[in-house]
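Residue numbers (our numbering): 151 to 281. We put the CB at the ideal spot given by N, CA and C, even for glycine. In this text, all values refer to a predicted model and were calculated from it rather than measured experimentally. Heads up: the structure comes next, in structure tokens.
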Amino acid sequence: MKKQESEVRNIFFKFRINDSELKLLKKLQQQSTERSVSNYVRKVALQKPVIVKYRNQTADDFLTEMVQLKKELNAIGNNFNQTVHKLHILDKIPEFRTWLKFYQGLHQTVVAKVDEINVKVNKLYEQWSQK
């Protein structure tokens, strides 16, 4: 698809800046949604709106903690699964049978809650990471 003549940028415009100004322009461009410094400068020069990315440090910290919590919950669930599996091997001793029956119900509850927390953490992560 061909661009209309008015949309084609065929004029090359130069201007001089120093290193600190270039660093500032690059920093501002990186904080925006513009992919290049030239696009950023063009929009600013023509007084067109520039969309600035906003990073909420509190949200970032929250997401980091949620990811860590998710890892810990998965580790707890894995440890619990391993324990119950070992108890199944030892079910010949009567004391272990009663303990095993009790903890099988608890195991199902723990696994269900860990799965529920994982789903909620994933939803929160997706919502917060889009902002």
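{"Query": "Collapsed DSSP secondary structure at S182 in the structure displayed", "Result": "strand"}
{"Query": "When V191, S182, E215, E157 are compared against F165, the one with the closest alpha-carbon", "Result": "V191"}
{"Query": "Same chain, Cβ closer than 8 angstroms to H257, neighbours up to 5 away in sequence not counted", "Result": "F230, N231, V234"}
{"Query": "Where V260 falls: helix, strand or coil (DSSP)", "Result": "helix"}
{"Query": "According to DSSP, residues forming a beta bridge with V202", "Result": "S182"}
{"Query": "The segment 243 to 254 in contact with the segment 217 to 225 per 3-pair CB rule at 8 angstroms", "Result": "no"}
{"Query": "Backbone CA spacing between V269 and T214 [nearest angstrom]", "Result": "16 angstroms"}
{"Query": "Extent of the continuous alpha helix (DSSP H) to which N231 belongs", "Result": "207 to 239"}
{"Query": "Whole-angstrom distance between N168 and M156, CA atom to CA atom", "Result": "It is Ser, not Met, that sits at residue 156 in the sequence shown. Going from the Cα of S156 to the Cα of N168 covers about 32 angstroms."}
{"Query": "Nearest-angstrom Cα separation, counted from P244 out to A262", "Result": "28 angstroms"}
{"Query": "Residue range of the unbroken alpha helix (DSSP H) whose run includes K193", "Result": "187 to 195"}
{"Query": "Residue from F246, Q207, D265 with nearest C-alpha to G285", "Result": "Here the chain covers residues 151 to 281 and nothing more, so residue 285 does not appear."}
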